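Per numbering that gives the first Met the number 0, the very first residue in the sequence shown carries number 0; after that it's consecutive.
Note that CB positions come from ideal geometry on N, CA and C, so glycine has one too.
If you're wondering where the values come from, they're calculated on a predicted model, not measured in any experiment.
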Amino acid sequence: MDICSDYLYGKGFLSLPESIQDAVDEYFDGWEVEQYGNGNPDDMWVNHYVSYDSKELLIDTINMLSSQEYQELLEEERLEEWIEANREEIEERINDSYSFLGYADKEWHVFV
0 MDICSDYLYG
10 KGFLSLPESI
20 QDAVDEYFDG
30 WEVEQYGNGN
40 PDDMWVNHYV
50 SYDSKELLID
60 TINMLSSQEY
70 QELLEEERLE
80 EWIEANREEI
90 EERINDSYSF
100 LGYADKEWHV
110 FV
């Protein structure tokens, strides 16, 4: 993560929760990052990093819940419980299309 402080946009990684920063470090473990090439912190922040809230992820991105199902879970205050019970499948679906970095502060962090 030290390299991120030298980049205009890549500095954004430094404001992420520590668990996500650790996952980013792990993702790049063993890579040689070119200063201006693909995979540098600016490129990854602008073109590849995304954080989703649960609604956007579960309904629009991985199509695991309908809007109605999501709303019911939310109104019944069972959403977090449902997420924990289905966490493994959620992560598998994310990893089908993206690189899952983690879930922190009620946001799902991925590289696309």
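- Between the alpha carbons of residue 15 and residue 71 lies a distance of about 30 Å.
- Look at residue 44 here: in three-state DSSP terms it is helix.
- According to the DSSP assignment, residue 100 belongs to no alpha helix (DSSP H) but to the beta strand (DSSP E) extending over 98-103.
- If you ignore the 5 residues before and after residue 0, its C-beta comes within less than 8 Å of the C-beta of 12, 13, 20, 23, 24, all in its own chain and listed in chain order.
- At a Cβ-Cβ threshold of 8 Å, residue 26 and residue 96 do not count as neighbours.
- Each residue's CA atom was taken as its position, placing residue 68 and residue 33 some 45 Å apart.
- With distances taken between CA atoms, residue 8 lies nearest to 38 out of 18, 38, 91, 51.
- About 6 Å separates the beta carbon of residue 4 from that of residue 10, a gap short enough to meet the 8 Å contact definition.
- Separation of residue 92 and residue 6 (C-alpha to C-alpha, rounded to the nearest whole angstrom) is 32 Å.
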